[in-house]
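Scroll down for the structure; my scribbles are underneath it.
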Amino acid sequence: MTCLHCEDIEAIKRLKARYFRLMDTKQWDAWRELFTADFRGLYRGPHPDISYASREEFVTSNREILGPLVTVHHGHMPEITLSGPDTATGIWAMYDRVEMPGNRFEGYGHYHDEYRRVDGEWRIAAITLTRLRIAPLGD
Amino acid sequence: MTCLHCEDIEAIKRLKARYFRLMDTKQWDAWRELFTADFRGLYRGPHPDISYASREEFVTSNREILGPLVTVHHGHMPEITLSGPDTATGIWAMYDRVEMPGNRFEGYGHYHDEYRRVDGEWRIAAITLTRLRIAPLGD
Amino acid sequence: MTCLHCEDIEAIKRLKARYFRLMDTKQWDAWRELFTADFRGLYRGPHPDISYASREEFVTSNREILGPLVTVHHGHMPEITLSGPDTATGIWAMYDRVEMPGNRFEGYGHYHDEYRRVDGEWRIAAITLTRLRIAPLGD
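Chains as they are written, first to last, in our numbering: chain A, 1 to 139; chain B, 1001 to 1139; chain C, 2001 to 2139.
Take a look at the structure:
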């Protein structure tokens, strides 16, 4: 059996792995390269929705807020679908642990991603994050 | 190199991803469609074993107990083995977080699954869940 | 599309899945078989670094320390790279939960692994574990 999309699916899983690892190890310049130039982001509640209108806004915000903190972000159970020769979507279950002074929490939810191949490399074109639960640490 | 079973293995991973996601987002009608008509389930202790003799019993029980709750279920580290052209087994490490009134816990263990292809679609034919640990939340 | 390395990548993921599962279910004789004869290990801080100069030292240490305990170890988000026909590297995000008397913790970090194919079977040739966080349970 050949595997029609396995190579692209594995490449997209590696892209998302780098997204999490470079974020948690604070390699922000390399992290920025994972996104398309027209990236858009949306973090949905329980908190008020947060929109990111550009890659620069998204990268700058994450770098400023998460950069000084110990953070842990894991993705699980990917559902990757090729929607065209150079486009794909993905759903990932997620876990994060963030320890801000006065706001230490564990969270759970799902990423709903769009990916696009640019110059032969898969990139993240859009992220919508939905939440099942945000729980204070120790609760 | 061709990949003998990669497409089926990826399809089974996606099936299990939908199992977790549709459960935690409470899409029970779609969740029911993931199982074969002759599904059997077994949840092994620390609590007394719980047997599910039919798909309907399993779906109804999960819907009634977990439906009103915030739940998180993640699968990790799949070991998928094709045992025939239309049958497979899978082992998954698991994490769950369930917050019932008076019984809030995090749990860890392993799913031991059987899968069968029915009308071209992989389905879950049997689940046996074993537990490493069930810990009260906040402990 | 053929998938150049998908079969080896899946085999290495299964190898690491067995690493975690056989450790947490305390099947130490089978666990030992997952490593090459010249295995080397390094666990980096926050604690002082711990080096393992041989497979026997690594297996004996894990068996003695973790054998009597309930442990949970999960790997996430693999980045597997074939570096030759019979060699590969892998990075995994990790989670562990270890409950020793007087030292109950959850930990987060990354495995940086080397793999080698020996007699047709992929084996773990080296592990370096780096830590993002080790947090006392209940914190």
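C-beta: ideal position from N, C-alpha, C; glycine also. Model, not experiment: these values are computed from the prediction.
For residue i, three-class secondary structure by DSSP
i: C/Glu2010; result: helix
i: B/Leu1004; result: coil
i: A/Leu129; result: strand
i: C/Asp2038; result: strand
i: C/Asp2113; result: strand
i: B/Ala1135; result: strand
Minimum Cβ-Cβ distance from residue i to chain B less than 8 angstroms
i: C/Gly2102; result: no
i: A/Ile9; result: yes
i: C/His2110; result: no
i: A/Glu99; result: no
i: A/Pro78; result: yes
CB of residue i within 8 angstroms of CB of residue j, strictly
i: A/Phe20; j: C/Ala2093; result: yes
i: B/Arg1123; j: B/Leu1022; result: no
i: C/Ile2134; j: C/Phe2105; result: yes
i: B/Gly1041; j: B/Arg1131; result: no
i: C/Gly2090; j: C/Tyr2115; result: yes
i: A/Arg97; j: C/Tyr2108; result: yes
i: C/His2076; j: A/His76; result: yes
i: C/Leu2129; j: C/Tyr2043; result: yes
i: A/Ile127; j: A/Ile80; result: no
i: B/His1073; j: B/Asp1024; result: yes
i: B/Ile941; j: B/Ala1125; result: Beyond the ends of chain B as shown, which are 1001 and 1139, falls residue 941 of chain B; an answer cannot be given.
i: B/Ser1054; j: B/Phe1039; result: yes
Proximity test, Cβ basis, 8 angstroms: residue i and chain C
i: B/Ala1093; result: yes
i: B/Leu1132; result: yes
i: A/Gly138; result: yes
i: A/Gly75; result: yes
i: A/Ala17; result: yes
i: A/Arg14; result: yes
With 16 other Cβ atoms within 10 Å as the buried cut-off, status of residue i
i: C/Gly2067; result: exposed
i: A/Ile50; result: exposed
i: B/Val1118; result: exposed
i: C/His2047; result: exposed
i: B/Leu1069; result: exposed
i: A/Asp86; result: exposed
i: A/Pro101; result: exposed
8 angstroms Cβ cut-off: residues of chain F touching residue i
i: B/Leu1004; result: No chain F is present in this structure, whose protein chains are A, B and C.
Residue-level contact to chain A via CB, residue i, 8 angstroms cutoff
i: B/Phe1020; result: yes
i: B/Ala1030; result: no
i: B/Val1070; result: yes
i: B/Asp1024; result: yes
Return the chain-ordered ranges of every alpha helix (DSSP H) run that is complete within the region 1040-1106 of chain B and spans a minimum of 4 residues. 1055-1066
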